[in-house]
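Asks: Numbering (our numbering), first residue to last: 162 to 386. Glycine included, every Cβ here is placed at the ideal spot set by N, Cα and C.
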Amino acid sequence: MAIIMHGSWTLRVSAHNSAIAQRFVVSGAETGNGSHDASDGTAVHVTGRQWSVRMQHRPAGQSWQDSRPRIGYPWIAAGLLRFELRAGDDELVLGCSLPASSDDTIVYGNARAYPGSSLFNPGRNDLIVIDPPVAAHELCRRFPALYPVIEKLYPERLRRFPRPEPQDELRPLVLPTGLPAQAQGLLLHSQPAARVLAALASADDLDRAQAEAVAALATTVERSA
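1) Under DSSP, the beta strand (DSSP E) around Gln223 begins and ends at which residues?
2) What does DSSP give as the partner residue(s) for Phe244 in the beta ladder?
3) Smallest Cα separation from Glu383: which of Thr192, Asp265, Trp170?
4) Quick one: Cα of Val357 to Cα of Arg173, how far?
5) Taking the continuous beta strand (DSSP E) assigned at Gln183, which residues delimit it?
6) Cβ atoms of Ala297 and Arg321: under 7 Å apart, would you say?
7) Does the count of Cβ pairs from the stretch 188 to 195 and the stretch 209 to 226 closer than 8 Å reach three?
8) Taking 7 Å as the cut-off, decide whether the C-beta atoms of Leu378 and Pro260 are in contact.
9) Please classify Thr171 as buried or exposed, where buried requires at least 16 other C-beta atoms within 10 Å of its C-beta.
10) Pull up the distance between the alpha-carbon of Asn286 and that of Leu340, whole angstroms please.
11) Rounded to whole angstroms, what is the Cα-Cα separation between Asp251 and Ser258?
12) To the nearest angstrom, how far is it from the Cα of Arg229 to the Cα of Ser262?
13) According to DSSP, which residues form a beta bridge with Tyr308?
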């Protein structure tokens, strides 16, 4: 399974606890593409608008196979935004870090699955999320209380002529309930980040370059509800 990433991150092997060969594979990036052995301390700086990383293992006498990664919660330490990718029973732990800056807003929470079909996403109380395809008129007929909310937030979905644009029909309806927000996140404030972070791409010493970037950015953190 590939994990989709955005922007510039340093990937570092922080634990390797298996006799089976392990590696991670970066693809679709501007820099850092390729297969990287999972030896202790291996570090690669990866840049790109959107790229992916796969964690893989190779049992004896077999070909490389994708591991099942788990994504940990983000945290900020010493000015670096960090999270971990863990494969299997922590046979391979890949630390991901970048200097925290105002270019980033971090929203985090739990992903949940639920059985059966449901018109409304039951995962949260502060928002009603209705996935497409949605017949807005039929929805309002069945649930009249939703009409004034949809009319205010998505008036184009209630038009019959001319019909809404196709891309509008494919967007979910996100309707506030008035209950307290459940989303959690961190809002970062820093000095302009683009030039500071660009210097990391050509750095020979990643640890020193990250420390210099953290000092230049002088980032502060605000918790956001």
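Replies: Quick answer:
1) Position 62 of the sequence shown holds residue 223. It is not in any beta strand (DSSP E) - Gln223 carries neither H nor E in the DSSP assignment.
2) Walking along the sequence shown from the start, residue 244 turns up at place 83. Under DSSP, Phe244 forms a beta bridge with Cys257.
3) Numbered from its first residue, the sequence shown carries residue 383 at position 222. Selection Thr192, Asp265, Trp170 evaluated against Glu383 yields Asp265 as nearest (Cα-Cα).
4) As a first step, residue 357 is located in the sequence shown; it is residue number 196 there, counting from the start. As a first step, residue 173 is located in the sequence shown; it is residue number 12 there, counting from the start. Between Val357 and Arg173, the C-alpha separation is close to 20 Å.
5) Numbered from 1 along the sequence shown, position 22 holds the residue referred to as residue 183. Note, Gln183: beta strand (DSSP E), 182 to 188.
6) Your numbering for residue 321 matches position 160 in the sequence shown. Your numbering for residue 297 matches position 136 in the sequence shown. For Arg321 and Ala297, no; Cβs fall outside 7 Å.
7) Below 8 Å, enough C-beta pairs join the stretch 188 to 195 and the stretch 209 to 226 to call them touching: three or more.
8) Residue 378 sits at position 217 when you count from the first residue of the sequence shown. Residue 260 sits at position 99 when you count from the first residue of the sequence shown. Leu378 is a Cβ neighbour of Pro260, given a cutoff of 7 Å.
9) The residue labelled residue 171 in the question sits at position 10 within the sequence shown. By the 10 Å Cβ count, Thr171 comes out buried.
10) Counting from 1 along the sequence shown, the entry for residue 286 is found at position 125. Counting from 1 along the sequence shown, the entry for residue 340 is found at position 179. C-alpha of Asn286 to C-alpha of Leu340: approximately 7 Å in a straight line.
11) The residue labelled residue 251 in the question sits at position 90 within the sequence shown. The residue labelled residue 258 in the question sits at position 97 within the sequence shown. Going by the C-alpha atoms only, they are around 18 Å apart.
12) Taking the first residue of the sequence shown as position 1, residue 229 is located at position 68. Taking the first residue of the sequence shown as position 1, residue 262 is located at position 101. Computed Cα separation, rounded: 30 Å.
13) Taking the first residue of the sequence shown as position 1, residue 308 is located at position 147. Tyr308 is not bridged to any residue.
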